[in-house]
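Undergrad: Pasting a structure below so you can have a look.
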Amino acid sequence: MNKVMLLSLILYFCMPGSLRAQNLIKGNIKNNATQEAAYAVSVKVKNGTEGTYSDDRGRFQLKTSKKLPLTLIISSIGYEPKEVAVQSFSGILEIGLEPASVLGQEVVVSASRTVQKKLASPVTIEQISSKEISSSPQLNYMDMIQGLKGVDVTVSSIGFTSISTRGFNTSGNTNFTQIVDGMDNQAPGLNFPLGSAISLTQLDVDNIEMLSGASSALYGSRGLNGTMIMSGKDPFKYQGLSVLVTQGANHLNNKNHNDPVAPSAYYDWTIRYAKQVNEKFAFKINSQYTQAKDWVANDASNKNGTGTALTDPNYNGANYYGGATSVDISPFLQAALAGEPALAPIIEPLLSRPNYVARTGYPEFGYLDNKARLFKVNAELRYKINPKLEALISGTYGTGNIVYTNDTRYQLKGFKVGQYRMELKSDKWFVRGYTTQENSGRTIVAGPTAQYINESWKTSYDGNTGGWYPEYTYGLINALAGGSGLNEAHLAARAFADQGRAELGSPLFNRLKDSITNTPISDGGTLFLDRSKLYNAEAQYNFTDLVKFMSVIAGVNWRLYSLNSKNTLFPDKNKPINVKEYSAYIQLAKKVADDKLSISTSFRYDKNTLFSSPKVTSRASLVFEAVKENFIRFSYQNAYSFPSNIQALQNTLSGYNSFSSGGSSLLLNDNYQFNKFPPYTLESVSKYQQTGDAGVLQKFQYNDIKPQSVNAFELGYAALIGKRVIFDVLGYFSTWKNFIGYANVANTPGTNDVTAFKDHSTYIQYNIAFNGGQMVNTYGYAASVSVDLGHNFLTKVNYFSDHIRNKNNSQINNFNTPSYHINMEFGNSGFGKKQEWSFSTSLRYKPGYFYVVSGGLASGQVPSSAVIDAQISYKLIKARSGIRLGATNITNQYYTTGVANPNIGAVYYVTYAYNIF
-1 MNKVMLLSLI LYFCMPGSLR AQNLIKGNIK NNATQEAAYA VSVKVKNGTE
49 GTYSDDRGRF QLKTSKKLPL TLIISSIGYE PKEVAVQSFS GILEIGLEPA
99 SVLGQEVVVS ASRTVQKKLA SPVTIEQISS KEISSSPQLN YMDMIQGLKG
149 VDVTVSSIGF TSISTRGFNT SGNTNFTQIV DGMDNQAPGL NFPLGSAISL
199 TQLDVDNIEM LSGASSALYG SRGLNGTMIM SGKDPFKYQG LSVLVTQGAN
249 HLNNKNHNDP VAPSAYYDWT IRYAKQVNEK FAFKINSQYT QAKDWVANDA
299 SNKNGTGTAL TDPNYNGANY YGGATSVDIS PFLQAALAGE PALAPIIEPL
349 LSRPNYVART GYPEFGYLDN KARLFKVNAE LRYKINPKLE ALISGTYGTG
399 NIVYTNDTRY QLKGFKVGQY RMELKSDKWF VRGYTTQENS GRTIVAGPTA
449 QYINESWKTS YDGNTGGWYP EYTYGLINAL AGGSGLNEAH LAARAFADQG
499 RAELGSPLFN RLKDSITNTP ISDGGTLFLD RSKLYNAEAQ YNFTDLVKFM
549 SVIAGVNWRL YSLNSKNTLF PDKNKPINVK EYSAYIQLAK KVADDKLSIS
599 TSFRYDKNTL FSSPKVTSRA SLVFEAVKEN FIRFSYQNAY SFPSNIQALQ
649 NTLSGYNSFS SGGSSLLLND NYQFNKFPPY TLESVSKYQQ TGDAGVLQKF
699 QYNDIKPQSV NAFELGYAAL IGKRVIFDVL GYFSTWKNFI GYANVANTPG
749 TNDVTAFKDH STYIQYNIAF NGGQMVNTYG YAASVSVDLG HNFLTKVNYF
799 SDHIRNKNNS QINNFNTPSY HINMEFGNSG FGKKQEWSFS TSLRYKPGYF
849 YVVSGGLASG QVPSSAVIDA QISYKLIKAR SGIRLGATNI TNQYYTTGVA
899 NPNIGAVYYV TYAYNIF
């Protein structure tokens, strides 16, 4: 008998809930103002655990074991909550909801890993919701992020945007963390976030939260410059088929803006399908494809001086690739003079100074393929083991062709990235494991590839056959002997030496380019072979129900980087380099003073196997509700950041005998032999090349790279006034120790004879990461206001200002941030008889600022810019569709976010949206 009872209990608990629940409640939910179906509305049984959501048509079905009468709680952001009494299980409930302002009602999770009102957050946090994305004039959510308070971006191409907060704005920022559905979105090898390459599709974003400044205490050591948390839509909550099709055009009026690309089409197609099969199982599938002619980087500023290609024989344009090969032709002039003394009147005046000449470079347009393509697909399965426990599995795959900027321009052609996750989560804990796998495809490294092309069609110098520089010297002397002025003679000499040149698009050029870019760097070409992988496992538990007097959350994390580049990105010639990280964190929080004062503190322990000592990060915060909906916040964070794999181990070819380098002793001493052949600052090497005076050479003092740290303080105030106005103001001050920046140095492997610096074939230059010995301070302030003007009108304005004091004069800090930003938004989410019309506009303004691309690609002033985006939409209510007309950068005044990065014009577009929520 006992066995029968036990078997019955087992069958009961293993039985699907749909077989145990005998009562079914059906209903429809609509928006009372527009009579549209209200989707993704929470429907819960009061004082019970059962619940569901309305589908894309406003319908819901809720199975319950409770007896009548019972009450349903109906709630959703943007509506007034409502309780509905259920007296009968027959029939269909018709429920209408009244729209409500969302100002002050927003909730966030990332600030403290628990759900709380955004107003009461202990740190500054910005947010973008799915509704804001669906009404934005920007083409995608990555573009929307530019308008958030405290955020700056570098746009390298249509498919690659790098984000930072509170300064340090650079492409491929390894100190900014992007987390997508709990997974770190960084490239396993390069360590910087992959932006939109494998993140959520446009239709699957539920919520984006942006933490400004250091956020290492909860999210790990990479978050010194901010953390972005993205959440995808739950297929139980957001169901149905959704389609978003955008067709547009860019590069309009191109000739007036020095844009070499003719007017071109822009395409973006996104589809999402989700279904709740039953109360236990749901799934979703997402796909997005983007195609366009990319913006082109055509910065012609001369990295070797102030002249142009027509006035400086040593011209090396920022986005003209190949000109980094530069040689003093004085030895060739001296050889000519020795062979023909009668040339003395022509040659001797030239020998009074160095005569550096650069090879002819290739412009980016026509050299790099500007056909941008991005494709990503995602699938997710969810199974509810019980009402409080859920299992899920997901996979995301992305591929395409994009360009990003670092020490040179890189075209990621046919790159492939996959991210795969398994997770088990309840209302109090989760266990998650995921992996990220990358394949660099056929990545084209613009600078060194162009230099190798030049060397392939005609070598710079060969003692047996001559070469480009001897021919240049011959042409120069002949032109001077014929009576030409010096400048005209240099132009004639270049034309003479360039005879037979592999011109852009020619069969010779294409053959050489294909050969070089298909040969690995380790074999003398420029092909990356990065197949690095990341494996991560983590768990978290909320002990609050067990520790009654305070909130306690704790977690652990393990990570493995398997760096596998076949000696093309890292010094991993013989086998992959494995780097492991271990971490644990705890957060304690308590409310006192009648719940007016919230106190919280966090601690995190991190260990990285590249470094001997672990580090402990801490954060403490106070939030005081001075009066209702008025919050004063103060936070302190001490954060450590281990150097990223790139900052420690990178060994990347960036040009002829030029490398972008990490700062570990494994590289500096074991590979580069700095301990035998000391490095000198590249600036002093350049002075020596110009003057011939060895006394100007300055040795660079270096040490093994180590973790950097920051002590950050923030004071802020946020208030909701009259349920119509939200105001937020803040100030911050940070002190950095062992600040990681970059320095350009050079050494002469194999010899200590400094005359080797006169020929680039006998010296190597490096852009290395190193710790500055002096303190670095960053500070700033910000303010924002959002006003609900009534009748669905909403306006937002924010202002922020960031500054740096760096006493490490030899250090390139990549701050790259204007002194202030101003962002504005104005729109209406529904007007007309049935609120079928809507519009939104935005303005982003920033003054000019100085920008440095690490690695020596370029530096200079970025002009000021004022960018206006706008859209107007019309809803076809019965068809559950919408049409939008819009434009980004509507005035088509081209702008750039960084030197050597592309100039960005307008995109004019029309969008069709079906079943968007």
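Residue 412 in our numbering is what sits at position 414 of the sequence shown, and the numbering runs on without skipping anything.
Backbone N, C-alpha and C define an ideal beta-carbon position, used for all residues, glycine too.
Check whether the stretch 241 to 253 touches the stretch 266 to 273, taking contact to mean three or more Cβ pairs, one atom from each stretch, closer than 8 Å.
TA: Output reads yes: the stretch 266 to 273 touches the stretch 241 to 253.
Undergrad: Opposite L60 in the DSSP bridges: which residues?
TA: Numbered from 1 along the sequence shown, position 62 holds the residue referred to as residue 60. I23, per the DSSP bridge assignment.
Undergrad: At a cut of 8 Å, does the stretch 791 to 802 reach the stretch 774 to 783 through at least three beta carbon pairs?
TA: They touch, by the three-pair rule.
Undergrad: Which residue marks the beginning of the beta strand (DSSP E) containing R878, and which one marks its end?
TA: Looking up residue 878 in the sequence shown gives position 880. From DSSP, R878 is part of no beta strand (DSSP E); its letter is neither H nor E.
Undergrad: Beta strand (DSSP E) containing A490: first to last residue?
TA: The residue labelled residue 490 in the question sits at position 492 within the sequence shown. Run containing A490: none in the beta strand (DSSP E); it sits in the alpha helix (DSSP H), 484 to 495.
Undergrad: Quick test of your reading: T441 and F507, contact by CB under 8 Å. State the CB separation rounded to the nearest angstrom.
TA: The count along the sequence shown starts at 1 and reaches residue 441 at position 443. The count along the sequence shown starts at 1 and reaches residue 507 at position 509. About 19 Å separates the two Cβ atoms, so there is no contact after all.
Undergrad: Nearest to T760 by alpha carbon, out of L665, S656, N821?
TA: Here residue 760 refers to the residue found at position 762 of the sequence shown. T760 has its Cα closest to that of S656, out of L665, S656, N821.
Undergrad: Buried or exposed for F547, going by 16 or more other Cβ atoms inside 10 Å?
TA: Residue numbering aside, residue 547 sits at position 549 when the sequence shown is read from its first letter. With fewer than 16 other Cβ atoms within 10 Å, it is exposed.
Undergrad: Starting from the C-beta of A624, find all residues in its chain whose C-beta is less than 7 Å away, skip the five residues before and the five after it, and write them out in chain order.
TA: Here residue 624 refers to the residue found at position 626 of the sequence shown. If we look at A624 and ignore the five residues flanking it on each side, its Cβ neighbours are I630.
Undergrad: On the DSSP bridge assignment, give the partners of Q585 in chain order.
TA: As a first step, residue 585 is located in the sequence shown; it is residue number 587 there, counting from the start. In the DSSP output, where bridge partners are listed per residue, Q585 has I551, S600.
Undergrad: I need the straight-line Cα distance from T746 to S682, nearest angstrom please.
TA: Numbered from 1 along the sequence shown, position 748 holds the residue referred to as residue 746. Numbered from 1 along the sequence shown, position 684 holds the residue referred to as residue 682. The alpha-carbon atoms of T746 and S682 are separated by roughly 14 Å.
Undergrad: Closer than 7 Å by C-beta to N826: which residues in its own chain qualify, once you throw out the five before and the five after it? Chain order, please.
TA: For the purposes of this step, residue 826 is taken as the residue at position 828 of the sequence shown. These residues qualify, in order along the chain: N790, F791, S836, F837.
Undergrad: Taking the C-alpha atoms as reference points, what is the distance between S652 and Y907?
TA: For the purposes of this step, residue 652 is identified with residue 654 of the sequence shown, where counting begins at 1. For the purposes of this step, residue 907 is identified with residue 909 of the sequence shown, where counting begins at 1. Answer to the nearest angstrom: the Cα atoms are 38 Å apart.
Undergrad: Could you name the residues that DSSP lists as bridge partners for R270?
TA: To locate residue 270, count along the sequence shown from 1; it is residue 272. Per DSSP, S240, N284.
Undergrad: Assuming T895 and T152 make a contact with CB atoms under 8 Å, what is their CB distance in whole Å?
TA: Here residue 895 refers to the residue found at position 897 of the sequence shown. Here residue 152 refers to the residue found at position 154 of the sequence shown. Right, their Cβ atoms sit about 5 Å apart.
Undergrad: Under 8 Å by Cβ, that's how I've got G438 and D528 pegged, so tell me the actual separation to the nearest angstrom.
TA: On the sequence shown, position 440 is the one that residue 438 refers to. On the sequence shown, position 530 is the one that residue 528 refers to. According to the sequence shown, residue 438 is Ser rather than Gly. Confirmed, about 4 Å.
Undergrad: Where T394 and A535 are concerned, what is the direct C-alpha to C-alpha distance, given to the nearest angstrom?
TA: One-based indexing of the sequence shown puts residue 394 at position 396. One-based indexing of the sequence shown puts residue 535 at position 537. If you take the alpha carbons of T394 and A535, they lie about 18 Å apart.
Undergrad: Check the C-beta distance from N399 over to R371 and give it rounded, since I have them as a contact under 8 Å.
TA: Counting from one through the sequence shown, the residue named residue 399 turns up at place 401. Counting from one through the sequence shown, the residue named residue 371 turns up at place 373. Indeed they touch by this definition, with Cβ atoms about 5 Å apart.
Undergrad: By how many angstroms is the C-alpha of D150 removed from the C-alpha of K116?
TA: Taking the first residue of the sequence shown as 1, we reach residue 116 at position 118. Taking the first residue of the sequence shown as 1, we reach residue 150 at position 152. One C-alpha to the other measures close to 21 Å.
Undergrad: Who are the near neighbours of I644 in its chain, counting only those whose CB is closer than 7 Å to its CB and skipping five residues on each side?
TA: If you number the sequence shown from 1, residue 644 lands on position 646. Closer than 7 Å at Cβ, skipping near neighbours: T172, L188, N189, G660.
Undergrad: Roughly how many angstroms lie between the CA atoms of A904 and L728, to the nearest whole one?
TA: Start at 1 with the first residue of the sequence shown, and residue 904 comes out as number 906. Start at 1 with the first residue of the sequence shown, and residue 728 comes out as number 730. Rounded to whole angstroms, A904 to L728 spans 34 Å at the Cα level.
Undergrad: What separation, rounded to the nearest whole angstrom, lies between the Cα atoms of L647 and S350?
TA: Walking along the sequence shown from the start, residue 647 turns up at place 649. Walking along the sequence shown from the start, residue 350 turns up at place 352. The straight-line gap from Cα to Cα measures roughly 43 Å.
Undergrad: Assuming the contact rule is C-beta atoms closer than 8 Å, N29 and L95 should be a hit. Round their C-beta distance to whole Å, please.
TA: What you label residue 29 is simply residue 31 of the sequence shown in a count that begins at 1. What you label residue 95 is simply residue 97 of the sequence shown in a count that begins at 1. Sure, about 6 Å apart at Cβ, within 8 Å.
Undergrad: Report yes if the C-beta distance between Y403 and S154 is below 7 Å; otherwise report no.
TA: Start at 1 with the first residue of the sequence shown, and residue 403 comes out as number 405. Start at 1 with the first residue of the sequence shown, and residue 154 comes out as number 156. At residue 403 the sequence reads Thr, which differs from the Tyr that was named. Closer than 7 Å, so yes.
Undergrad: As a quick exercise: from E34, P233, R55, I23, pick the residue whose alpha carbon is nearest that of V41.
TA: For the purposes of this step, residue 41 is taken as the residue at position 43 of the sequence shown. For V41, the nearest C-alpha among the options comes from I23.
Undergrad: With DSSP as the reference, label M181 as helix, strand or coil.
TA: Here residue 181 refers to the residue found at position 183 of the sequence shown. Looking at M181 - three-state DSSP - the assignment turns out to be strand.
Undergrad: Ignoring anything shorter than 3 residues or poking outside the stretch 831 to 900, list the beta strand (DSSP E) runs there in chain order.
TA: Those beta strand (DSSP E) runs which fall completely within the stretch 831 to 900 and span 3+ residues are 835 to 844, 847 to 851, 856 to 860, 863 to 874, 879 to 886.
Undergrad: From S563, V545, F541, A537, pick the residue whose C-alpha is nearest to that of R557; which is it?
TA: The residue given as residue 557 occupies position 559 in the sequence shown. Ranking the options by Cα distance to R557, first place goes to A537.
Undergrad: Could you check how far apart the C-beta atoms of R228 and S194 are, in whole angstroms? I think they sit under 8 Å.
TA: By 1-based counting over the sequence shown, the position of residue 228 is 230. By 1-based counting over the sequence shown, the position of residue 194 is 196. The residue you asked about is not Arg; residue 228 is Met in the sequence shown. Wrong, their Cβ atoms sit about 10 Å apart, outside the cutoff.
Undergrad: Under 8 Å by Cβ, that's how I've got K411 and D367 pegged, so tell me the actual separation to the nearest angstrom.
TA: Walking along the sequence shown from the start, residue 411 turns up at place 413. Walking along the sequence shown from the start, residue 367 turns up at place 369. Confirmed, about 7 Å.
Undergrad: What do you get for F768, buried or exposed, if any count of 16 or more other CB atoms within 10 angstroms of its CB means buried?
TA: Against the sequence shown, residue 768 aligns to sequence position 770. Its Cβ being crowded by 16 or more others within 10 Å, F768 is buried.
Undergrad: Check P329 in the structure and name its three-state DSSP category.
TA: Taking the sequence shown and counting its residues from 1, the one referred to as residue 329 is at position 331. Residue state, collapsed to three classes: helix.
Undergrad: Under a Cβ-count criterion, where at least 16 other Cβ atoms within 10 Å of its own Cβ denotes burial, should K571 be classed as buried or exposed?
TA: Here residue 571 refers to the residue found at position 573 of the sequence shown. The residue is exposed, with fewer than 16 neighbouring Cβ atoms inside 10 Å.
Undergrad: Ignoring anything shorter than 3 residues, give me the beta strand (DSSP E) runs that lie fully in the stretch 648 to 728, in order along the chain.
TA: Entirely contained in the stretch 648 to 728, the beta strand (DSSP E) runs reaching 3 residues are, in chain order, 649 to 653, 656 to 659, 706 to 719.
Undergrad: I'd like to know whether the C-beta atoms of M142 and S134 end up nearer to each other than 7 Å.
TA: As a working note, residue 142 is residue 144 in the sequence shown. As a working note, residue 134 is residue 136 in the sequence shown. Yes, Cβ-Cβ distance for M142 and S134 is below 7 Å.
Undergrad: CA-CA distance, A19 and E48?
TA: Position 21 of the sequence shown, counted from the start, is the residue given in the question as residue 19. Position 50 of the sequence shown, counted from the start, is the residue given in the question as residue 48. The pLDDT assigned to A19 is 45, lower than 50, so where the model puts this residue is not dependable; a value taken from the coordinates is nonetheless given after this. When rounded, the distance between both Cα atoms is 10 Å.
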